[in-house]
Structures are given as structure tokens and as C-alpha cells.
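Engineer: If you read the protein sequences in the order shown, they are chains X and F. Residue 0 is where the first sequence starts when you use numbering that gives the first Met the number 0, and the numbers rise one by one after that. Residue 0 is where the second sequence starts when you use numbering that gives the first Met the number 0, and the numbers rise one by one after that.
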Amino acid sequence: MSNKVNPYGSAPTHHMLSVLVQNRPGVLARVASLFARRGYNIFSLAVAPTEQDDFSRITIVVDVESAPLEQIVKQLFKLIEVVRISELSPSQAVERELMVATVRASAKERGDVVELTNVFEGKILSVGADAVIVSLDGSPEKLDDFAELLRQYGIIESQRTGRVALPKLDRVVKTSTSKGKAS
Amino acid sequence: MTSNRKSNNHKEGEKITGAQALIRGLEMENVEVMFGLPGGCILPAYDPLIESSIRHILVRHEQGAGHMAEGYAHVTGRPGVAMVTSGPAATNMVTPLCDAYMDSIPMVAITGQVGTSAIGTDAFQECDTVGITRSITKHNDLVMSAEDLPMAIRQAFHIATTGRPGPVLIDVPKDVLQNTMSWNWPSQDEVEDSLPGYKPNTKGHARMIKEAAHLILRAEKPILYVGGGVLKARAASALRELAEMLQIPVVTTLMARGAFPDNHPLCLGMPGMHGTATAITAMQKSDLLIALGARFDDRVTGRVNSFAPEAKIIHVDIDPAEQGKVRKPDVPIVGDCRLVIEAMIEALRDLLQGGEKQADLTTWRSRVSGWREQFPLAYEPSEPGEALKPQFCLEKLRDAAPEGTILVSGVGQHQMWSSQYWNFNEPYTWVNSGGLGTMGFSIPAAIGAKVGRPDKTVWAIDGDGCFQMTAQELVTASLERIPIKVGILNNSYLGMVRQWQEMFYEERYSEVYLSPDLPDFVKWAEAMGCVGIRVDDPSEVESAIDRANSINDRPVVVDFRVDAREKVFPMVAAGQSNDDVLLPPMQSSRREFLR
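#1: Comparing the C-beta of Gly38(X) with each C-beta of chain F, is any distance below 8 Å?
#2: By a C-beta neighbour count over all protein chains shown, 10 Å radius and 16 as the cutoff for buried, is Gly226(F) buried or exposed?
#3: Using the beta-carbon count (16 or more within 10 Å), is Pro380(F) buried or exposed?
#4: When Cβ atoms are compared, which residues of the stretch 307 to 325 of chain F fall closer than 8 Å to chain X?
#5: Return the CA-CA distance between Ala211(F) and Met438(F), expressed in angstroms with no decimal places.
#6: Tell me which residues of the stretch 120 to 134 of chain F have at least one Cβ-Cβ distance to chain X shorter than 8 Å, keeping chain order.
#7: For Gln74(X), decide whether its Cβ has a neighbour in chain F, counting only Cβ atoms nearer than 8 Å.
#8: Which residues in chain X sit within 8 Å of Tyr197(F), going by Cβ to Cβ distance?
#9: In the DSSP assignment, what are the bridge partners of Tyr492(F)?
#10: Have a look at Ala526(F), Ser441(F), Val113(F), Lys522(F) and flag the residue whose alpha-carbon is nearest the alpha-carbon of Tyr71(F).
#11: Can you tell me the Cα-Cα spacing of Gly24(F) and Glu191(F), whole angstroms?
#12: Name, going along the chain, the residues of the stretch 144 to 162 of chain F whose beta-carbon falls closer than 8 Å to a beta-carbon of chain X.
#13: Relative to the C-alpha of Leu347(F), which residue among Leu406(F), Asp558(F), Asn422(F), Met244(F) is closest?
#14: For the alpha helix (DSSP H) that Phe520(F) lies in, which residues bound it at each end?
#15: In terms of residues, what are the limits of the beta strand (DSSP E) holding Trp184(F)?
#16: To which residues of the same chain is Thr58(X) closer than 6 Å at the C-beta, ignoring the five residues directly before and after it?
#17: If you draw a straight line from the alpha carbon of Phe423(F) to that of Ile135(F), how long is it in whole angstroms?
#18: Could you tell me which residues DSSP puts in a beta bridge with Cys266(F)?
#19: Use the C-beta contact count for Asn304(F): other C-beta atoms within 10 angstroms, 16 or more gives buried, fewer gives exposed.
#20: Short of 8 Å Cβ to Cβ, which residues in the stretch 194 to 218 of chain F face chain X?
#21: Please classify Lys10(F): is it buried, with 16 or more other beta-carbons within 10 angstroms of its beta-carbon, or exposed?
#22: Output yes if chain X places a C-beta closer than 8 Å to the C-beta of His138(F); else output no.
#23: Taking Cβ positions, are Gln390(F) and Tyr420(F) nearer each other than 8 Å?
#24: Can Val171(F) and Ile158(F) be called in contact, C-beta distance under 8 Å?
#25: How would you label Thr456(F), buried or exposed, when you count the other beta carbons within 10 angstroms and need 16 or more for buried?
#26: Considering just the uninterrupted stretch of the alpha helix (DSSP H) at Gly531(F), what are its terminal residues?
#27: Give the DSSP-derived three-state secondary structure of Glu137(F) in the structure shown.
#28: Quick check: what's the CA-CA separation for Glu140(X) versus Leu168(X)?
#29: Three or more C-beta pairs closer than 8 Å, one from the stretch 144 to 163 of chain X and one from the stretch 94 to 106 of chain X: is that the case here?
#30: Using the C-alpha atoms, what's the distance from Val26(X) back to Glu61(F)?
#31: Please list, in chain order, all residues of the same chain as Ser1(X) whose beta carbon is under 7 Å from its beta carbon, the five residues on each side excluded.
#32: Do Gly528(F) and Ser477(F) have their C-beta atoms within less than 8 Å of each other?
#33: What residue range does the beta strand (DSSP E) around Asn40(X) cover?
#34: Give me the DSSP bridge partner(s) of Glu156(X).
#35: Determine the contact status of Gly271(F) and Arg298(F), defining contact as a CB-CB distance below 8 Å.
#36: Got a sec, what are the start and stop residues for the alpha helix (DSSP H) Pro78(F) sits in?
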């Protein structure tokens, strides 16, 4: 790994795919093995059931340095259990991610860490003798900034969930009720 | 769909075992024959098979079952079915599944699995079949309940035979076969509803088709680049209509041989690494490639960035992922080749009737026929007393073949010579392993082809290397009375590898010499219940072939002892440009005519 200053933010080669799949055993393995087999890189991945029990949504951030996005999408869509794929551009989507981190904080520094966490509207989940566990949810960039500032105290371990996202809503009231057929 | 043809006289809700449901399901899908070998976990399914209308062909190795199913599917267009047990049997099925996936062959494989409670415990003959075959099947499914079997079977046949065809595997644990279920047979609608993510697009986009028609009429140097998808779509007659309507020359790839008749004046033969100089060059110089069910394989394009540099591309393929995978098309059309070609013909007619004129192709056609005259397939015939030439054997086999003979090959030099020297004038008369390049394919595939088309003569052309990989299936052929004919072009080498070592490794031959005498192919053939014939001299070729063609009650193996030094030409070396095609030695002085 190169020591990128901003490892989780939106690199220009990163694209976000929201993949609706049938909720069946092995479907995640299918998606993951397709990426491995075709030499595509997954940057982050989040998966969970949707509002409908039969379907799950996988949010994948792909690194398209390895292959054109169009080819990745088409190969993904060949999987029988993949129902729909939408590419979400950061400007047209709401993205969220959660991070929990154990941060070194002696009694002397604890106040600083708590204050920093409050500035970011994060939470303190656990307090130990010389460390605290903090959590923060928000946009990936915000998490990057927070992690960067925590580093001066020492991050003992941290875990991020990977991005989840949905498309932004229309702000214009639709005048017509007729909708085009989804292709 | 075919499944509704057989009236369901089985009562809905009738209590039967999973095994009975499996076999009944296969009958409902109109399976007439299946290839397989029983073992521990699949045992329950072999019991109801005794009463079934399905003919089961007992193979000697599970790989054979898979390739037989492929051969059957190749010639009939119907899905081939193979059934084997778990663990090693399933792993032996891996090669045929991958082969079928690469060549888009409709196939359904059923594998036994350890009982549901033993899954994941490293039980005897357990392996992660679904995991192992995930990337080499169109779809696969581990069925965890007997109730789910009918739907799994319906889905498997539906997926294998629609869209871009391919292999589907159903993994069935032993207790699922043993458990009782209440019989149900899902309707076509229920099957489609169960697969919300699977809706292959068969009808091409009308605007794209019209755009393609415009391009075709304007092209001055068009070529129809025909791939295996044309055969899968049963589009041969539509293709012929299109080619003849506008007099556009046609090349047929290794997977498409026979899709357009070789004896047709517009046919330029096969393109690619060992294609005809005319087909290769015509594509290079073309200003419009109309790719139909072809996937711009590296064996066809040579070095991609110098492939057909001036050509615009119309790419018709049912698989959207093929569009732009290798070469960006100017007009992509996703759809079934037959439907798209038919719509294209309509669009062209409309344009022509509307007064649009086709560009004059006279110059192009005379250039192409000039190449054809200058660069026919050629080899140096042997003088009396000299070693037998493999190409000569193929010419004699071709000339003596009864009409409609099906030719099946393994992989290597003999495969390329077969494709080059045979005349494929009918579709579905050529069966080979194109994408995966599976040595040992021909014997079992030929058996499957003969089972599918018992009315036709089936010749398997094999190499001595290939033959030794799967020859044991000739025992199956003898016992099941499947009288295929086998011609071994025995040059005592792994010939294609030898050719590369000669040409690209300074004749440093490494591990390619087999032996002309070991095994004794005639004795081996006889031991397997076949007639064995040895041919050493060119003068014996015709009589041996006549004898082989006259035997129809058992398989025949003809061991042609051929010249090991013979190489396949023309040749585009791997990674090189198609402009640098290597011609046979006697034509190399004429190179400048290829401009």
C-alpha cells in the first residue's frame, strides 16, 4: 500500500456501484469471485438485506484503473442473481460510512480526544485507562479527516464499514405520472 | 417451451422421493439421453433411472460424460445432460464445464453431494462443487431441499438454453435425493418470475439495425465475420440470404465452420492464427467488419491494435459483455443473430427500395478473388516412398465422406488441418473445442455427436497425444454400439508444441516426443472392441478409409502414421500482427500480392 494521505476519499479512479441481488446463498461469493477472476479491484464493499426480504443491496466501490467500468458492469450483470446495477456518482448520491477506532489517550490527552470527537459529532463508545473507542458516521471524506486528526494521538486499531449509498431524491415535483420502462 | 409438450400426468402433490423428482424432471424437460457414471452420493438418483424413458450411457471417466454431452449439444442444438457423483467425479467434470462455458454449449450437469448435515465437514468424497465451478458455469445451484428440485431443474434448462447458451450445474446432496417431497412442476411464468435478474435481450435495437444497414450499403470493402453465435442462433440460412443479397464475402471462424458453405463462391474460409491467407488479409484490408456472434478472440485478431485498422465494426452479439470487450464497435447490436440478421435484411430492403444504392464492390471482390487464386491452402505432397502427409489423409477422408458427415476433432495440428482441409457445406457438421482448447475432446465428443445424430457418419480426427487422454471411452462406444470412426494423425509428437519449438525455440525440442509404436494403437483399438487399421504408406490411405466407412457395427480406429515434420500454415505467430502472416514455404515468394 502506498501511504496515501487520503486513502478513503474519492480517488478519481473510484466508482460506486449499487447492485441489487437476489438474496440467495452464495451470491456475495459470486460477485467477489467475478471480480477476482476478471482482475477487477474492489475498494470497499458493503452488503445487507433491503426493504424487501428477497433482495440484498451490495454497494461496491471499484477501482476502475484495472478495467473499464462498462466492462465490469456488464460482466456483473451476467450473474443470474444480479437484478439491477446503478452507478452512483458522488454528486448525485448520499453516501455514508461508519468508523470505530481505538485511540491512545492518556488521562491528560483524553479531554482533547473527546473534544475533537465532539467537534466531528462523533461518539465515545468506551473509555479505558489509556485509550478510548470513538465512533463516527458520515461521508467518507469526513471520516478521512477525523482519522487524520486522531493519528497524532495514535490509532491502535480501527475499522470502517465501507460505503453505503442511495441516489439523491428529485427536488422537482413531477408533473407527469407516466414513467418510461426501466431498461 | 418444450416442457409443456409432455402432458403432466403426474399428480400435483404426489409424494415421491427427491431422486424420483429429479429423474421425472429430466423427463419433463424431454431429455432422451444422458451420460454419466454412478457413485456414492448420486446413488439414489440411479435407482428410478431403471424405470425411466431416458437412455443412460455409462462412461469410463466422468470427463467423457461431460464431453459427450457437449458433442450431443453441438450437433442437435439441444442441451446435453451429464450426471455424476460428488468429489472426484465433480472435479472430473470441471474440464467439460469450462469447455462448454468457453464455447457457449448448452449443457446441464448434475452432481451428487454429501448429505446436507455433512456439508463443510470434509466428508468422504466431499468437495465444494458449486465453489469450484462458479466461474466456469453460466449458473450453478446447490439444492438444499427436495421440494426445490423441480424449480432447480426448470431453471437450469431455461438458463442453459436461452440467451448466450452455456453450462449449468445442479449439485444435489444425497439426503435431498432420499427425502420425500410433494411433486410440483413450475410453469414457464413461475420460472421466469423466479429469475428477476435474467432477461436476455433477443431482439436487436431497431435504430441500431437501421444504422448498420446504412453502413453496410456504404461500405466498399465489407466482410461478414461469422462466429459460433450464428450456429447457436440457427441463423445459417438468414446469413446466406444476407451475404447473397449484397454479395459480401464471408469468413467463418473455428467455431462457425459450416455456418456458411465452404463451396460457396463468397466463402473465404477460416480467419485467424491458422486461417487462410485470403480470410486473414481480407479482414485486415476491410473497411467494414460485420461481426455476427463472434467475440474478437485473440486467435482471430492477432495483435489487437493492428487488427483490421481501417475497419468500422458492426457487432451483433446476444451477450452485451462482448460488445467493446476487445474492440469498440461503431454499431453495437445486442440480440439473437437470427432475429437481428432477419431484421437487417428487412432494413436493407427498405433502404434499397427507397432508392439508396449499395457501393460498388467489384474492385473489392476482384482483389479478394486474386488473393484466393494466389494463396490456396498448400502443402508439399510426398513423393512415392516418402512419409505420409496429414493433409493428404484429410483430403482423402473428405473426398470419401458420405454426405452430411460430422467431423469432430481434438486440439492441435490435426484440429487446424481438419478445419482447413475439410469442406464444411452444412451447419452442425463440425465439432471441436475452440475456446478452451481441450486435448482429448474428440473421442467423447464424437460419441455424443453420434448419439445425437445416429443417422450420420461421425469421424473423429485425433492426434496421437489427444487420443491417449480419453481413448478409454471407445470401450463405452463399443459396448453401447455407437459406431464412430477415428482417424489418428499419428506423428508421434505433441505436434503443435513441436511446431512452436521448431519455429520459436530454435528447434530445441523439450518433452514433445511421444512414440510412434507405443502404444500400439491397432492392438489398443482391438482391445476396446474396435476395428484397428494401420496406414503407413500413401498408397494404403484410400482403401483403409473405404474399409472404415463400410464398417457400421462397431467403432473403427485408423492409425495414420504421418510425417512429424509437417507444420500448419498459414500461421500468425502469437502476439503478432495479422499483416505478418507466415505463408507456406512454396508461397512465401508471392508475399507482395497480399497488399
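Even for Gly, the Cβ is constructed at its ideal location relative to N, Cα and C.
Structural biologist: Walking through what the data contain:
#1: no
#2: buried
#3: exposed
#4: Asp318, Pro319, Ala320, Gln322, Gly323, Lys324
#5: 39 Å
#6: Val129, Gly130, Arg133, Ser134
#7: yes
#8: Ile79
#9: Tyr512(F)
#10: Ser441(F)
#11: 17 Å
#12: Ile158
#13: Met244(F)
#14: 520 to 526
#15: Run containing Trp184(F): none; DSSP gives neither H nor E here.
#16: Ser17, Ala45, Arg162, Val163, Ala164
#17: 30 Å
#18: Val249(F)
#19: exposed
#20: Leu194, Pro195, Gly196, Tyr197
#21: exposed
#22: yes
#23: yes
#24: no
#25: buried
#26: From DSSP, Gly531(F) is part of no alpha helix (DSSP H) but of the beta strand (DSSP E) over 530 to 534.
#27: Looking at the sequence shown, residue 137(F) is not Glu but Lys. It is coil, neither helix nor strand.
#28: 21 Å
#29: yes
#30: 28 Å
#31: Any reading at Ser1(X) is ruled out, since the residue's pLDDT is 37, under 50, leaving its predicted position unreliable.
#32: yes
#33: 40 to 48
#34: Thr101(X)
#35: yes
#36: Counting along the chain, Pro78(F) falls outside any alpha helix (DSSP H), and DSSP gives it neither H nor E.
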